[in-house]
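Residue numbers (the numbering used here): 656 to 804.
Ideal Cβ positions, reconstructed from N, Cα and C, are used throughout, including at glycine.
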């Protein structure tokens with residue numbers, strides 16, 4: 656089983672969903688970043704991720720990473736919430752963002768803002784000002800969730 660699948664299983668075991676994993680550089684430091692969302696919903700909205708949940712998941716996956724190092728050399732593990740505004744780069748991430756407001760930039764340079772209604776195969780369904788708009792995933796150059804403050 657892949658390291659990502661193992662981390663995903665650990666996250667699910669504590670009520671979280673793996674959103675993405677990335678490796679970043681901060682000066683001479685390498686950061687192995689694990690971003691999660693809450694697997695719990697309240698009033699139809701996804702709950703936030705607490706610091707305690709991040710600490711708990713860190714404790715679970717640290718021994719795994721000691722056995723299966725994710726990168727060569729020294730690194731720092733960071734487990735955190737994917738956030739209320741986050742980049743969407745896969746169908747799975749779109750599926751995890753249903754019900755949220757999203758901003759899409761299409762390859763044709765068209766920008767769309769709306770609520771993500773559903774995902775079917777590679778089709779993304781949005782409510783844009785009360786009208787359903789369907790976009791194929793392959794036509795999207797940039798996507799992110801956003802929050803109206």
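Within the DSSP secondary-structure output, residue 712 pairs in no beta bridge.
Using a C-beta cut-off of 8 Å, the segment 768 to 781 makes no contact with the segment 718 to 733, since fewer than three inter-stretch Cβ pairs fall below that distance.
Apart from sequence neighbours up to five positions away, the residues of its chain that approach residue 749 with a beta-carbon distance below 7 Å are 743, 771, 774, 779, ordered along the chain.
Beta-bridge partners assigned by DSSP to residue 799: 742, 758. In this chain, the beta strand (DSSP E) harbouring residue 773 covers 766 to 775. Under the criterion of beta carbons closer than 8 Å, residue 671 and residue 712 qualify as touching, at roughly 6 Å.
Our two residues, residue 739 and residue 703, have alpha carbons roughly 8 Å apart in a direct line. Annotation: residue 710 to residue 716 spans about 10 Å, alpha carbon to alpha carbon. Inside the segment 658 to 734, DSSP marks whole alpha helix (DSSP H) runs of 4 or more residues at positions 658 to 668, 706 to 722, from first to last along the chain.
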